[in-house]
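A.B. asks: The sequence shown begins at 0 in numbering that gives the first Met the number 0 and counts up by one.
The beta carbon of each residue, even a glycine, is placed where N, CA and C say it ideally should be.
Quick caveat, the model's predicted, so the values are computed rather than measured.
Before anything else, here's the structure in question.
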Amino acid sequence: MKDGDSMTATEAARLIEWLEAHGHTAQEATECIKYIAAYPAPANPQK
């Protein structure tokens with residue numbers, strides 16, 4: 000994301016719904032949101 004870009008609560012909720020609909024757990028969805036929000040991104044993301 001560029002400076003000034005952000006994800007709204009509605010967008011985050013829709014992303015969580017999409018992830019869950021595609022087989023991801025609520026925990027995985029939460030971790031995804033946290034990863035996206037991190038700036039800068041972690042050098043070595045956990046798998």
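1) Reducing DSSP to helix, strand and coil, say where A36 ends up.
2) In chain order, what residues of the same chain have a beta carbon less than 8 Å from the beta carbon of R13, not counting five sequence neighbours either side?
3) From what residue to what residue does the alpha helix (DSSP H) around T9 run?
4) What's the C-alpha gap between K33 and M6?
5) Look at the alpha carbon of M0 and the alpha carbon of A8, and state the distance between them as a whole number of angstroms.
C.D. replies: In short, the structure shows the following:
1) DSSP places A36 in helix when its eight states are reduced to three.
2) Hits under 8 Å: none found.
3) For T9, the enclosing alpha helix (DSSP H) stretches over residues 8-20.
4) Straight-line Cα distance between these residues: approximately 11 Å.
5) In this prediction, M0 scores a pLDDT of 49, lower than 50, which makes its location untrustworthy; no coordinate-derived value is stated.
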